[in-house]
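Report on the following structure.
Numbering (the working numbering), first residue to last: 384 to 473.
Next comes the structure, spelled out in structure tokens:
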């Protein structure tokens with residue numbers, strides 16, 4: 384089974400003129416993701432990330448719903464937004 388996790392783009396950097404990489408926040412974890420499939424993505428957007436590639440834009444409401452579902456299943460605590468943060472994600 385494949386799983387794509389929503390995260391919030393913290394920053395974007397351009398590499399080699401064509402490749403765009405983003406720092407994406409997943410709760411208390413920050414990972415890099417490539418933006419090749421969604422070139423319109425910008426800082427502050429929520430994206431679905433699978434295997435280090437952002438595959439789709441999602442709105443904040445849908446991202447937070449997904450976090451709520453992940454919380455129900457347990458075992459993914461590091462990916463959940465830290466409590467007390469505005470919007471749930473740094």
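Here a beta-carbon is modelled for each residue, glycine too, at the ideal position from N, C-alpha and C. Fair warning: this is a prediction, and the values are worked out from it, not measured in the lab.
{"query": "The segment 425-434 / the segment 387-399 touching (three or more Cβ pairs under 8 Å)", "result": "yes"}
{"query": "Proximity of residue 405 and residue 412 at Cβ, strictly below 8 Å", "result": "no"}
{"query": "Neighbour-count burial assignment, residue 416, 16 or more Cβ in a 10 Å radius", "result": "buried"}
{"query": "The beta strand (DSSP E) enclosing residue 397, as first and last residue numbers", "result": "388-398"}
{"query": "Within 8 Å, strictly: CB atoms of residue 419 and residue 436", "result": "yes"}
{"query": "8 Å Cβ cutoff met for residue 440 and residue 451", "result": "no"}
{"query": "Proximity winner among 422, 446 and 410, relative to residue 401 (alpha-carbon distances)", "result": "422"}
{"query": "Own chain, CB closer than 6 Å to residue 449, minus 5 neighbours either side, in chain order", "result": "389"}
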